[in-house]
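> Just passing along the structure, written as structure tokens.
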Amino acid sequence: MHGMAGINKVIFRDAYEKPVFARYRSLFPGLGFAAGYKVSQRIYKFGGQPVVKDYMTKNHAAFFEHSFGERNAKTMMHATAGSLIGIGEIALLPLDVLKIRAQTNPAAIAGKGVAHIFKTEGFALYRGAGWTAARNAPGSFALFGGSALAKEYIFQLEDYNSATFFQNFVASISGASASIIGTLFSLWCGA
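Mapping of the sequence shown onto this note's numbering: position 36 corresponds to residue 30, and the numbering continues sequentially without gaps.
Given below as structure tokens:
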């Protein structure tokens, strides 16, 4: 095969004769699971952390103030709430496992519905949950703690919810940077 047909066969493999959209989709196996996982993860993480933080503020503020001082208590509650939410993210692990399977061995799950896969696989979809929780706990602690730290110490905000777009932008970069640095540090230390 020569010309465009040959190029299409090399790029799209078995999907080279399919319509354009189907050919394009064949380049991204597992995209549906990946999108479902990432969207669910963001909703859970950024929607759940404030709920846990509010619970901690209502029920455990005195402990945090006694342990970390009045000024640091709010930052530590944000970070701890983020860490707890990060650990709970393992509930979404099956979507990530299915994404990886769709990318590495699409034939193994082809034609099977999600409910059927969950029924047959069961808890095997949670393999690696311990490592995921161990990775997410410090990463989410640093992410939310770094963000709160920026709002507290750079912008001196009393109410973090009153942050402007720019302040939230800088706080997000601070949190993301803290999370990355924390991850690199744990890799460097051999954790």
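Virtual Cβ for every residue (Gly too), placed ideally from N, Cα, C.
Bear in mind the structure is a predicted one, so any value in this text is a computation, not a measurement.
#1: Please classify His72: is it buried, with 16 or more other beta-carbons within 10 angstroms of its beta-carbon, or exposed?
#2: Using the C-alpha atoms, what's the distance from Asn2 back to Ser171?
#3: Which whole-angstrom value describes the C-beta separation of Gln43 and Gly76, a residue pair presumed to lie in contact below a C-beta threshold of 8 Å?
#4: Taking only three categories from DSSP, how would you classify Pro132?
#5: Could I get the ranges of all uninterrupted alpha helix (DSSP H) runs contained in the stretch 34 to 83, with 4 residues as the minimum, in chain order?
#6: Look at the Cβ atom of Ala142, then the Cβ atom of Ser168, and state whether they are nearer than 7 Å.
#7: If Leu119 sits next to Tyr31, beta carbons under 8 Å apart, how far is it from one beta carbon to the other, in whole angstroms?
#8: Could you work out which residue in Pro100, Gly176, Ala96 is closest to Gly139 when comparing CA atoms only?
#9: Are Arg19 and Phe6 closer than 7 Å when you measure CB to CB?
#10: On the CB-based measure, 16 or more other CB atoms within 10 Å of its CB, does Thr69 come out buried or exposed?
According to the structure shown:
#1: buried
#2: 41 Å
#3: 5 Å
#4: helix
#5: 64 to 82
#6: no
#7: Leu119 to Tyr31, Cβ: 12 Å. No contact.
#8: Comparing Cα positions, the closest option is Gly176.
#9: no
#10: buried
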